[in-house]
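Here's the structure, in structure tokens; my notes come after.
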Amino acid sequence: MIVWQTDQRCLWKVGNLANGGNARDRRRMRRIVRSVLDTYGYAPKGADGSAEKHQSIWDFVIKYLVPALALAISVREAGDLNVLAASALYLLALFVFFRGFWAWCNTRPKTVALYVLVGIAAVAFVWFDYNWIREERTPTFLYLVPTRELIDCERRAFFVNHSGLKRLENVTIIIKDNKSGSVEEIDDYKNGIEPGPQNPDAPRYIWVKPSHPWDEDYTITVTGSRFRSVQETVLRSVKQDVQFATQITVNPNKKPAVRCRDSLLPEAYSLGRGATDSCMTLMAAERRFLNRLQPEPYGFQLANGGYSAVRIRTLPTASDLDAQSEDRHLTEYEQTILRSKLSEYRGAKLLILYAGGPKTLAYATEFRDFFQSLHWKVDGPRAVPAGDERVVDVQISVSQRYWNTPDPRAADLLNSLEGIKHRQRYVYDGAISPDQIVLWVGPKSPDNFRPDDCASAVLHPSPGVPHTCEIVSQTPGFCPFSPQ
């Protein structure tokens with residue numbers, strides 16, 4: 005009987021709800037619906053047709069502003085999110101933000117103003133989002149372009165070019181010469197590199213001295229903030245022209261972003277094999293950039309083996325070099341090397357001659373004091389004979405008698421000049437007696453100059469004959485063979 009009554013009450017309630025329920029149930033349902041609508045800005049209309057809206061500033065901040073900001077910040081912090089998905093989430097955040105203003109649009113002017121504001125925001129979003137997607141989808145990387153000429157027959161300038169739309173920060177460049185294994189690391193671009201072409205007045209470049217000129221192979225790794233690329237480049241002279249093959253890979257993509265190969269490059273080089281594009285455009289260095297290189301080139305060796313001089317190589321006068329030179333001293337390390345090899349030659353005769361000014365004289369005097377401490381018989385320092393005033397750095401001369409039989413004293417002296425800029429071979433001079441060695445001390449030459457680039461100094465110069473460093477070698481060394 006009790007079960008039957010319970011079932012009757014349940015059936016009565018169900019039927020009551022189906023028919024609209026009693027007054028109390030209907031009032032409770034209206035309150036629930038109104039509460040939900042009020043929460044999200046859909047207030048019911050009053051008798052005058054206006055919306056009854058009670059949203060406060062704190063409601064807007066908590067329900068709309070905070071979620072929109074949280075959504076936008078989370079997308080930004082994700083970092084590696086797909087650019088299209090990130091754009092969709094940014095659009096959702098914008099919608100949530102503007103949705104919060106709808107509850108206050110209780111008049112027509114306010115509603116129109118909101119529509120206008122949303123329209124402007126939508127146009128701005130589309131513009132900025134398009135540029136952002138284009139920037140993210142366009143590969144951004146640095147690539148290095150070597151000069152087609154071998155500058156001064158010994159080095160190339162690798163111009164640092166930017167491709168893409170994004171700025172690269174905290175850049176480090178590592179250049180590996182695959183022929184020799186030598187590695188050069190460059191940190192000159194830590195402050196970042198802006199997109200766009202090079203500044204013609206101050207181009208970015210790196211000096212590289214190839215181990216095998218005209219048959220060169222490099223791996224160039226560029227790293228930066230959230231960026232890494234690898235450039236592989238082969239350069240070779242073929243049929244009196246320069247031929248390139250280049251491949252650039254930008255992480256995390258494994259497929260090369262750029263790939264090219266010149267048609268005359270021998271098949272023995274596998275890099276870029278199968279590429280349809282030549283490297284004529286990618287590996288082109290603008291000629292005007294060559295005029296901005298420092299130190300200024302004296303000439304260029306071409307792929308056909310020829311040499312083109314662009315300016316005459318000269319040295320400043322001895323007095324000017326002496327004024328420009330820093331104070332030189334025999335360091336403790338240099339003295340230790342000299343002493344270990346020369347102390348056995350007690351009583352050896354040494355003539356010290358100097359050219360230049362007071363700085364060079366002070367340096368020559370240090371040599372005298374040191375050799376006297378080894379009990380050598382030292383004469384000087386004296387001024388060089390007329391005609392030898394342009395001698396530079398440190399040079400050694402011995403008697404011509406030792407042409408076939410080396411003088412052990414001079415050989416050990418030459419080998420012990422470690423850390424001292426000097427001529428790499430001593431000079432044979434018929435005017436020097438067999439028991440004497442002549443030590444020439446001149447002002448320090450520029451960093452890009454070697455004392456071997458000058459003619460040797462002699463004890464008795466001949467009048468009318470060009471003397472040491474009046475004429476200098478136009479290249480730092482021999483120009484390498486250019487394979488064809």
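Residues in the sequence shown are numbered consecutively from 5, following the working numbering. All residues carry an ideal CB built from backbone N, CA and C; glycine is no exception. Bear in mind the structure is a predicted one, so any value in this text is a computation, not a measurement.
N- and C-terminal bounds of the alpha helix (DSSP H) containing residue 337: For this step, residue 337 is matched to residue 333 along the sequence shown. Residues 336 to 346.
Alpha helix (DSSP H) segment containing residue 328, residue limits: For the purposes of this step, residue 328 is taken as residue 324 along the sequence shown, with counting starting at 1. First-last of the alpha helix (DSSP H) with residue 328: 322 to 328.
Among 77, 351, 102 and 88, nearest to residue 68 - alpha-carbon criterion: Here residue 68 refers to the residue found at position 64 when the sequence shown is read from its first residue. For the residues 77, 351, 102 and 88, the minimum Cα distance to residue 68 belongs to 102.
Assumed close pair residue 345, residue 411 - CB separation to whole angstroms, cut-off 8 angstroms: Translated into the one-based positions of the sequence shown, residue 345 becomes position 341. Translated into the one-based positions of the sequence shown, residue 411 becomes position 407. Actually they do not touch by this definition, with Cβ atoms about 14 angstroms apart.
Helix, strand or coil at residue 424 [DSSP, three-state]: Numbered from 1 along the sequence shown, position 420 holds the residue referred to as residue 424. DSSP places residue 424 in coil when its eight states are reduced to three.
Cut-off 6 angstroms between Cβ atoms - residues of its own chain near residue 140, not counting five sequence neighbours on either side: As a working mapping, residue 140 is identified with position 136 in the sequence shown. Within the same chain, Cβ atoms closer than 6 angstroms to the Cβ of residue 140 are found at 87, the five residues on either side in sequence being excluded.
DSSP-derived helix/strand/coil call for residue 108: The sequence position of residue 108 within the sequence shown is 104, counting from 1. In this structure, DSSP gives residue 108 a helical state, which the three-state scheme calls helix.
Element boundaries [alpha helix (DSSP H), containing residue 363]: Within the sequence shown, the letter at position 359 stands for residue 363. Here the alpha helix (DSSP H) through residue 363 covers 362 to 377.
Residue 94 in three-state terms, based on DSSP: The residue you call residue 94 lines up with position 90 of the sequence shown. Correct three-state label for residue 94: helix.
Rounded C-alpha distance that separates residue 247 from residue 419: Counting from 1 along the sequence shown, the entry for residue 247 is found at position 243. Counting from 1 along the sequence shown, the entry for residue 419 is found at position 415. If you draw a straight line from the Cα of residue 247 to the Cα of residue 419, it comes to about 42 angstroms.
Buried or exposed (CB count within 10 angstroms, at least 16 for buried), residue 131: In the sequence shown, counting from the first residue as 1, residue 131 sits at position 127. Residue burial is scored here from C-beta neighbours: residue 131 has fewer than 16 other C-beta atoms within 10 angstroms and is therefore classed as exposed.
CB-CB length for residue 280 against residue 262, believed under 8 angstroms: For the purposes of this step, residue 280 is identified with residue 276 of the sequence shown, where counting begins at 1. For the purposes of this step, residue 262 is identified with residue 258 of the sequence shown, where counting begins at 1. Contact doesn't hold; Cβ gap of about 13 angstroms is too wide.
Environment of residue 394 [buried if 16+ CB atoms lie within 10 Å]: What you label residue 394 is simply residue 390 of the sequence shown in a count that begins at 1. Counting the other Cβ atoms within 10 Å of the Cβ of residue 394 gives 16 or more, which makes it buried.
Boundaries (first-last residue) of the alpha helix (DSSP H) holding residue 221: Here the question's residue 221 lines up with position 217 in the sequence shown. Segment 219 to 228 is the beta strand (DSSP E) holding residue 221; no alpha helix (DSSP H) there.
Beta-carbon spacing of residue 147, residue 181 below 8 angstroms: Taking the sequence shown and counting its residues from 1, the one referred to as residue 147 is at position 143. Taking the sequence shown and counting its residues from 1, the one referred to as residue 181 is at position 177. Result no, Cβ atoms of residue 147 and residue 181 do not sit closer than 8 angstroms.
Assigned secondary structure, residue 140 (DSSP; H/G/I helix, E/B strand, else coil): Along the sequence shown, one-based indexing puts residue 140 at 136. Assignment of residue 140 by DSSP, reduced to helix, strand and coil, places it in the helix class.
Same chain, Cβ closer than 6 angstroms to residue 253, neighbours up to 5 away in sequence not counted: In the sequence shown, counting from the first residue as 1, residue 253 sits at position 249. Only 234 and 260 meet the Cβ criterion.
Nonlocal neighbours in the same chain, by C-beta distance under 6 angstroms from residue 159, ignoring five residues either side: Against the sequence shown, residue 159 aligns to sequence position 155. Result list for residue 159: 211 and 213, in chain order.
Where residue 117 sits in the DSSP three-state scheme: In the sequence shown, counting from the first residue as 1, residue 117 sits at position 113. Looking at residue 117 - three-state DSSP - the assignment turns out to be helix.
Cβ-based burial, residue 196 [other Cβ within 10 Å; buried from 16]: Residue 196 sits at position 192 when you count from the first residue of the sequence shown. Using a 10 angstroms sphere on the CB of residue 196, the tally of other CB atoms stays under 16, which defines it as exposed.
Per-residue burial, residue 332 [other beta carbons within 10 Å of its own, 16 or more giving buried]: In the sequence shown, residue 332 corresponds to position 328, counting from 1. Burial call: buried.
Helix, strand or coil at residue 213 [DSSP, three-state]: Translated into the one-based positions of the sequence shown, residue 213 becomes position 209. Three-state DSSP puts residue 213 in coil, outside helix and strand.
Beta-carbon spacing of residue 375, residue 334 below 8 angstroms: One-based indexing of the sequence shown puts residue 375 at position 371. One-based indexing of the sequence shown puts residue 334 at position 330. Cβ distance not < 8 angstroms, so residue 375 and residue 334 don't count as in contact.
Close-in-space but distant-in-sequence residues of the same chain around residue 244 (CB under 7 angstroms, 5 per side omitted): Looking up residue 244 in the sequence shown gives position 240. Cβ within range, chain order: 307, 308 and 488.
Close beta carbons around residue 430, own chain, < 7 angstroms, minus the five adjacent residues each side: Indexing the sequence shown from 1 puts residue 430 at position 426. Short of 7 angstroms from the beta carbon of residue 430, and not among the five residues preceding or following it, lie these beta carbons of its own chain, in chain order: 400, 401, 402, 414 and 418.
Buried versus exposed, by CB contacts within 10 Å (16 or more), residue 287: The residue you call residue 287 lines up with position 283 of the sequence shown. Around the beta carbon of residue 287, a 10 Å sphere encloses 16 or more other beta carbons of the protein chains shown; the residue is thus reported as buried.
CB of residue 264 within 8 angstroms of CB of residue 241, strictly: Residue 264 sits at position 260 when you count from the first residue of the sequence shown. Residue 241 sits at position 237 when you count from the first residue of the sequence shown. Contact: no.
Burial state of residue 360, where buried means 16 or more other Cβ atoms lie within 10 Å: Within the sequence shown, numbered from 1, the residue matching residue 360 stands at position 356. Counting other Cβ atoms within 10 Å of its Cβ, residue 360 reaches 16 or more and is therefore classed as buried.
Boundaries (first-last residue) of the beta strand (DSSP E) holding residue 316: Start at 1 with the first residue of the sequence shown, and residue 316 comes out as number 312. Run containing residue 316: none; DSSP gives neither H nor E here.
Sub-8 angstroms separation of residue 296 and residue 207 beta-carbons: Start at 1 with the first residue of the sequence shown, and residue 296 comes out as number 292. Start at 1 with the first residue of the sequence shown, and residue 207 comes out as number 203. When the beta-carbon positions are compared, residue 296 and residue 207 come within less than 8 angstroms of each other.
Beta-bridge pairing of residue 159 - partner residues as DSSP gives them: The count along the sequence shown starts at 1 and reaches residue 159 at position 155. Paired residues: 155.
For residue 416, the first and last residue of its enclosing alpha helix (DSSP H): Taking the sequence shown and counting its residues from 1, the one referred to as residue 416 is at position 412. Counting along the chain, the alpha helix (DSSP H) containing residue 416 begins and ends at 412 to 419.
Validate contact between the segment 350 to 369 and the segment 425 to 445 using beta carbons, cut 8 angstroms, 3 pairs: In this structure the segment 350 to 369 lies against the segment 425 to 445, because at least three pairs of beta carbons, one per stretch, are closer than 8 angstroms.
Run of the beta strand (DSSP E) containing residue 356, from where it starts to where it stops: In the sequence shown, counting from the first residue as 1, residue 356 sits at position 352. Boundaries of the beta strand (DSSP E) around residue 356: 353 to 358.
Classification of residue 166 by the beta-carbon crowding that lies within 10 angstroms, buried from 16 upward: In the sequence shown, the residue the question calls residue 166 occupies position 162. In the assembly as shown, residue 166 is a buried residue. Its beta-carbon has 16 or more other beta-carbons within 10 Å.
Those residues which DSSP pairs with residue 458 across a bridge: To locate residue 458, count along the sequence shown from 1; it is residue 454. Residue pairing for residue 458: DSSP places it in a beta bridge opposite 476.
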